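Heads up, the sequence shown is in my numbering, so the first residue is 103 and it goes up one at a time.
Following: one structure in structure tokens, then a few remarks.
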Amino acid sequence: MEYHKPVLLKECIDGLAIKPDGIYVDVTFGGGGHSREILKHLTTGKLYAFDQDEDAVKNKIDDPRFVLIKQNFRYLKNFLKLYNALPIDGLLADLGVSSHQFDEAERGFSTRFEAKLDMRMDRNTKLTAADVLNTYTEEDLKRIFRLYGEVDNAGYLASIIFHNRKDKPLETVNDLKSMIIKCVKRGRENQYYAQVFQALRIEVNRELEVLEDLLMQSLDVLKPGGRLVVMSYHSLEDRLVKNFTRTGKFEGEVEKDFFGNQLTPFTQITRKPIVPDEKQIEENSRARSAKLRIAEKK
103 MEYHKPVLLK
113 ECIDGLAIKP
123 DGIYVDVTFG
133 GGGHSREILK
143 HLTTGKLYAF
153 DQDEDAVKNK
163 IDDPRFVLIK
173 QNFRYLKNFL
183 KLYNALPIDG
193 LLADLGVSSH
203 QFDEAERGFS
213 TRFEAKLDMR
223 MDRNTKLTAA
233 DVLNTYTEED
243 LKRIFRLYGE
253 VDNAGYLASI
263 IFHNRKDKPL
273 ETVNDLKSMI
283 IKCVKRGREN
293 QYYAQVFQAL
303 RIEVNRELEV
313 LEDLLMQSLD
323 VLKPGGRLVV
333 MSYHSLEDRL
343 VKNFTRTGKF
353 EGEVEKDFFG
363 NQLTPFTQIT
373 RKPIVPDEKQ
383 IEENSRARSA
393 KLRIAEKK
């Protein structure tokens, strides 16, 4: 079975506008699909890839132009400095969870398998989904379900978990599903569980904070004319990427100079996100929610 089928592969590579002698970074190495494709376009160039997941490290590419850094990409700038690789010509991020992580039952990312409530992308970190469910206050649970899962009845859901966990701490996927079944509208079970799991996963891995760190650092590491190519899979990530590439901020007003010209660090190459066509979605159902945005540093 394939580790992870890259979504919008050609569009990502085209978006990077690869120079054969350039320096590129793939911050979400995973199965190496994007990295292998980037290497095909390089001659004397270099590719640095980041991944914190032990399973991904097993896919390392044996190529003198390639360096795999086993770290969370929030440490992007430090490690590129360490490797004397600054500034770079392009940065690619394919966010979210790889197909492999979803399909490995014991990782606890999927609602389909009975497993421990883990959801850590880096298994050396401490906080698991079970810890979140069993120790967070009712208010904090409500906040993450509403904010990160966009769950309609986040307050009721948080209350059910908070008041029932004293008698039965939550340890497995089925513990959680059976505890919250009364919160779910009939016929919408799969969608509801997916939203709850998304919220937990984002909290456990601090995904939005880490993405903000990455986007801020992209300004420091990219050369003028360097490309930022980011694929996201839910509206929270896409909103951050859209706002940042449009204004250089995550929210709020665009800064203007004395003459009223917008002061923005990027030129948006894609005004609207690129989305997969029907054929791509047919081949890979996980492509359905993908949105690709491309920007160039001014």
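Even glycine gets a Cβ: it sits at the ideal position worked out from N, Cα and C.
Just so you know, these numbers come straight off a predicted model, no measurement behind them.
- Residue ranges of uninterrupted alpha helix (DSSP H) with 4 or more members, entirely inside the stretch 328-362 and ordered along the chain, are 337-349.
- Under the three-state reduction of DSSP, Q364 is assigned to strand.
- A direct Cα-Cα distance of roughly 23 Å separates R167 from R176.
- V298 and T227 have their C-alpha atoms some 21 Å from each other.
- Per DSSP, the unbroken beta strand (DSSP E) holding R395 starts and ends at 393-399.
- Between K393 and D269, the alpha-carbon positions lie close to 42 Å from each other.
- Per DSSP, F152 is one residue of the beta strand (DSSP E) stretching across 148-152.
- With a cut-off of 8 Å on Cβ pairs, the stretch 222-241 is in contact with the stretch 306-314, counting three or more such pairs.
- In this structure, P108 is the residue among N186, D379, P108 with its C-alpha nearest to the C-alpha of G198.
- DSSP lists L149 as the bridge partner or partners of F168.
- In the pairwise beta carbon analysis, the stretch 309-327 is classified as touching the stretch 181-190: at least three pairs are separated by under 8 Å.
- In this structure, the beta-carbon distance from R214 to N236 does not fall below 8 Å.
- Within the model, the alpha-carbon separation for Y150 versus I125 is close to 8 Å.
- Between the beta-carbon of M221 and that of Q154 there is about 14 Å, and that puts the pair past the 8 Å contact cut.
- For D379 and A217, the gap between their C-alpha atoms comes out near 34 Å.
- For the options D254, R341, K399, I376, the alpha carbon positioned closest to that of R390 is the one of I376.
- Look at D191 here: in three-state DSSP terms it is strand.
- With fewer than 16 neighbouring CB atoms inside 10 Å of its own CB, L365 falls in the exposed class.
- The C-beta of V331 has 16 or more other C-beta atoms within 10 Å across all chains shown, which makes the residue buried.
- Taken atom to atom, the span from the alpha-carbon of Y295 to that of K279 is near 7 Å.
- The DSSP-derived three-state label of L324 is strand.
- Distance check between E353 and each of L342, F360, G362 places L342 closest, using alpha-carbon atoms only.
- Going by beta carbons, A195 and T146 fall outside the 8 Å limit.
- Sequence-distant partners of K162 (beyond 5 residues in either direction) whose C-beta falls short of 6 Å from its own C-beta, in its chain, are L170.
- Note that the C-beta distance between C285 and L259 is below 8 Å.
- At the C-beta level, M333 and L110 come within 8 Å of one another.
- Residue state for T230 is assigned as coil, using DSSP reduced to three classes.
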